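**Q** My numbering puts the last residue of the sequence shown at 292; the count rises by one with no breaks. For glycine and all other residues, C-beta sits at the position ideal for the given N, C-alpha and C. On a predicted model such as this, the values are computed, not experimentally measured, just so you know. Before I ask anything, let me first share the structure, which is written out below as structure tokens.
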Amino acid sequence: MIEKLLRGTLFGGIAYFFLGWLVWGILLGDFYSANYNQCANRPEMEMVWWAMIVSNFVYALLLTIILNWAGAKKAIDGLKTAAIFGFLLGLTLDLSFYSMTTMFNCFTGIIVDVLVTTVVTTVIGLVIVSTWGKPKAE
Numbered sequence: 155m156i157e158k159l160l161r162g163t164l165f166g167g168i169a170y171f172f173l174g175w176l177v178w179g180i181l182l183g184d185f186y187s188a189n190y191n192q193c194a195n196r197p198e199m200e201m202v203w204w205a206m207i208v209s210n211f212v213y214a215l216l217l218t219i220i221l222n223w224a225g226a227k228k229a230i231d232g233l234k235t236a237a238i239f240g241f242l243l244g245l246t247l248d249l250s251f252y253s254m255t256t257m258f259n260c261f262t263g264i265i266v267d268v269l270v271t272t273v274v275t276t277v278i279g280l281v282i283v284s285t286w287g288k289p290k291a292e
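Here is the structure:
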């Protein structure tokens with residue numbers, strides 16, 4: 155159990171960091187700049203990197219715990235459970251921010267962010283379950 159948590163957190167956190175950089179930082183950076191209110195964002199040179207890295211590992215730990223509780227053993231289990239979790243978390247946070255802040259310039263930003271969060275979380279779930287190895291015969 156502890157070994158699963160450690161491996162899932164380590165590899166999931168690393169995957170989340172690099173996927174986040176690729177997806178939100180490079181591939182969709184211009185989209186997010188155009189569709190989100192940038193007033194609260196730190197300039198890249200002022201980002202608090204330790205907090206970003208810790209948040210990636212905490213997210214991976216949360217997803218690892220959920221996958222373990224769900225009894226995920228195969229890649230498809232990780233994909234399904236992580237996709238549901240990513241979709242619900244993304245929708246919850248984005249609608250909450252939309253209701254209380256000026257973070258989103260349009261509703262399209264919410265739709266794209268929920269989809270992207272779902273896909274990224276799904277990939278992280280696959281990575282996590284894949285690091286657990288094959289289930290032992292019972």
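Excluding the 5 residues flanking Thr272 on each side, which residues of the same chain have their C-beta closer than 8 Å to its C-beta?
**A** Result list for Thr272: Ala237, Gly240, Phe241 and Gly244, in chain order.
**Q** Straight-line CA distance for Leu249 to Leu269?
**A** Using only the alpha carbons, I get a separation of about 13 Å.
**Q** According to the neighbour-count rule (16 or more other Cβ atoms, all chains shown, within 10 Å of its Cβ), is Met254 buried or exposed?
**A** Exposed.
**Q** Please report the straight-line C-alpha distance between Glu198 and Gly183, rounded to a whole angstrom.
**A** Looking at the two C-alpha atoms, the distance is approximately 12 Å.
**Q** Taking just the CA atoms, how far does Val283 sit from Lys227?
**A** When rounded, the distance between both Cα atoms is 7 Å.
**Q** Could you give the uninterrupted runs of the alpha helix (DSSP H) lying entirely in the region 189-253, keeping only those of 4 residues or more?
**A** Listed in chain order, the complete alpha helix (DSSP H) runs (minimum 4 residues) inside the region 189-253 are 203-223.
**Q** Grab the span of the alpha helix (DSSP H) containing Thr276 for me, first residue to last.
**A** Residues Phe261 to Thr285.
**Q** Within 10 Å of its beta-carbon, does Ala229 have 16 or more other beta-carbons around it, so buried, or fewer, so exposed?
**A** The residue in question, Ala229, is exposed, as its Cβ has fewer than 16 Cβ neighbours within 10 Å.
**Q** What's the gap between the Cα of Asn259 and the Cα of Ser187?
**A** So the two alpha carbons sit approximately 10 Å from each other.
**Q** Considering only their Cβ atoms, is the gap separating Ile278 from Gly174 smaller than 7 Å?
**A** Contact: no.
**Q** For Phe171, collect the residues of the same chain with a Cβ closer than 7 Å to its Cβ; drop the 5 residues on either side in sequence, then sort them by chain order.
**A** Taken in chain order, the residues that qualify are Ile207 and Asn210.
**Q** If you count every other CB in all the chains shown that lies within 10 Å of the CB of Leu176, and 16 or more means buried, which is it?
**A** Counting Cβ neighbours within 10 Å, Leu176 comes out exposed, since fewer than 16 surround it.
**Q** Mind checking Val202: buried by the 16 CB within 10 Å criterion, or exposed?
**A** So Val202 ends up on the exposed side.
**Q** Would you grab the beta carbon distance between Trp286 and Arg196 for me? Rounded to a whole angstrom, and I think it's under 8 Å.
**A** Not really, about 36 Å apart at Cβ, beyond 8 Å.
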